[in-house]
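Residue numbers (full-length UniProt numbering): 1 to 490.
What follows is a single structure, written as structure tokens, with notes after it.
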Ligand SMILES: *Cc1c(COP(=O)(O)O)cnc(C)c1O
């Protein structure tokens, strides 16, 4: 960690260097809020502590704000952050779907707070919820068995590929050492295959942005362990030849892996299992309205066809003699997570699916697709490819996609994912999700179109209206300033 960097990084909100205008401004509209430690502190005397004297401190200096000052402090802090509660969040591929508040209520129920070490008999309700979630996911994905254990989509990929590897070894096909992945795929697919011990064979896209069948034919061999596909793919395009693709992969003795990150485009309408996929993960935070990981707990359940079920991680949950029990599949690849997975995330996915039901899921995929296509039709940037499913990729053309993203913040909206997938130059990968109204989409389109007309000078100095300005992202990532003390020492 370099102190020089910490001092110079623009966008760090250092109160000492701010102009009078800036100081006046934060007072006016809460743009900058000092931390509590920066505020006036007074020595707080704790004379009535019930704790023994040698366990209490009397040298504590703490701010002593009045109630409205304290409320304002946290309100202003919340206003320095952009979140889904502030406005649209069209990060393509990440699916910043809304997490309904009621799922938080469900996860906060006292009865949801179950210690995982309790005996099976005493957590029958928990096990029933998990068993029913397994069933929901089986039906939704067209899979025969599901494990709820993996803690994220990427972890689900790894489990799925380990399960595929165990299957190949079990059937004396352990020589299969290649995984084929389209060049438009998410980086985690390549990482998963490599981490799983496979050589990655990269598959070029055809002119329409889909799997090139001739290239696939050439890539398949007796070394093929699996083809990993996202459908609709990361350009938002449905692989129309999916049945042919599945046949080709299976004829070569390989397995077909479904990256479920884009499942929200198909919910209630099409199922990976029916398309010929053998193994898939579900990103519950992208499809079933549970909070995005962001470093916190997530869940990436994995579904498989019956041939692969004996290899799933343990424990799984099943219905037995009118009750529920945990069991280890016959050739299980073992434990991939403590206990039954991230229960409080899973219970939210369960609550969401149970609440919206079949009609709600079908409605959500319809609106996700409608919103993406409507927004794509309203923006002035070039949008190659299409028609789209839940997301589209526009090109910023002569502009730098990262500048576009920064500038959009000034218009009060969150920008799309940028610069990926790389097959579209200066990509603006946009996914409005099903929750946004036409009014919000029009506002988003207006922001895109206003930025499209702006020159380099404005773009390169954006954002102007956010608390943190143009941040040196490389330095911020390489030399993070992790504590406030660095500033105090200056
Ligand atoms: C998000 C994403 C992943 C990884 O999922 P995480 O849950 O974030 O680990 C994999 N593939 C695609 C296409 C994605 O968008």
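Virtual Cβ for every residue (Gly too), placed ideally from N, Cα, C.
As the structure is a computational prediction, the values presented were derived from the model and not from experiment.
Using only the alpha-carbon positions, how far apart do residue i and residue j sit?
i, j, result
"residue 446", "residue 374", "13 Å"
"residue 354", "residue 272", "21 Å"
"residue 440", "residue 88", "7 Å"
"residue 54", "residue 66", "30 Å"
"residue 540", "residue 346", "Because residue 540 is not part of the residues shown, which for the chain are 1 to 490, the question remains open."
"residue 147", "residue 129", "13 Å"
"residue 142", "residue 428", "32 Å"
"residue 92", "residue 187", "14 Å"
"residue 269", "residue 168", "31 Å"
"residue 472", "residue 337", "37 Å"
"residue 457", "residue 335", "54 Å"
"residue 223", "residue 34", "59 Å"
"residue 206", "residue 470", "38 Å"
Can you give me the Cβ contacts of residue i inside the same chain, cut-off strictly under 6 Å, excluding the 5 residues immediately before and after it?
i, result
"residue 405", "415, 418"
"residue 426", "395, 396, 401"
"residue 232", "238, 262, 265, 389"
"residue 252", "220, 224"
Where does residue i land, buried or exposed, given buried means 16+ other C-beta within 10 angstroms?
i, result
"residue 81", "exposed"
"residue 97", "buried"
"residue 474", "exposed"
"residue 236", "buried"
"residue 227", "buried"
"residue 340", "buried"
"residue 281", "buried"
"residue 218", "exposed"
"residue 71", "exposed"
"residue 194", "exposed"
For a quick check, are the C-beta atoms of residue i and residue j less than 8 Å apart?
i, j, result
"residue 350", "residue 133", "yes"
"residue 145", "residue 135", "no"
"residue 199", "residue 173", "no"
"residue 333", "residue 301", "no"
"residue 448", "residue 381", "yes"
"residue 466", "residue 286", "no"
"residue 510", "residue 330", "The requested residue 510 does not occur in the structure, where the chain is confined to residues 1 to 490."
"residue 289", "residue 100", "yes"
"residue 161", "residue 196", "yes"
"residue 308", "residue 276", "no"
"residue 246", "residue 165", "no"
"residue 432", "residue 477", "no"
"residue 317", "residue 131", "yes"
Short of 7 Å in beta carbon distance, which residues of its chain neighbour residue i, apart from the five on each side in sequence? Order them along the chain.
i, result
"residue 266", "365"
"residue 560", "With the chain running from 1 to 490 in the structure shown, residue 560 is simply not present."
"residue 283", "153, 260, 261, 300"
Can you list, in chain order, the residues of its chain whose CB lies under 8 Å from that of residue i, leaving out five sequence neighbours each side?
i, result
"residue 111", "125"
Of all Cβ atoms in chain B, is any one closer than 8 Å to the Cβ of residue i?
i, result
"residue 138", "The structure shown contains no chain B; it is built from a single protein chain."
> Where are the beta strand (DSSP E) runs, 3 residues long or more, that stay fully inside the segment 218 to 260, in chain order?
Replying inline: 224 to 230, 255 to 259
> If you scan the segment 262 to 313 from start to end, which runs of the beta strand (DSSP E) of 3 or more residues do you find wholly inside it?
Replying inline: You should have 279 to 281, 302 to 304.
>> Quick check on the DSSP output: what are the complete alpha helix (DSSP H) runs of length 4 or more inside the segment 326 to 383, in order along the chain?
In response: 343 to 378
>> So within the segment 456 to 485, which uninterrupted alpha helix (DSSP H) runs reach at least 4 residues, ignoring any that extend past its ends?
In response: 456 to 461, 473 to 478
> Which parts of the segment 77 to 145 are runs of the beta strand (DSSP E), unbroken and 3 residues or longer, counting only runs that do not cross its ends?
Replying inline: Fully contained in the segment 77 to 145 is no beta strand (DSSP E) run of length 3 or more.
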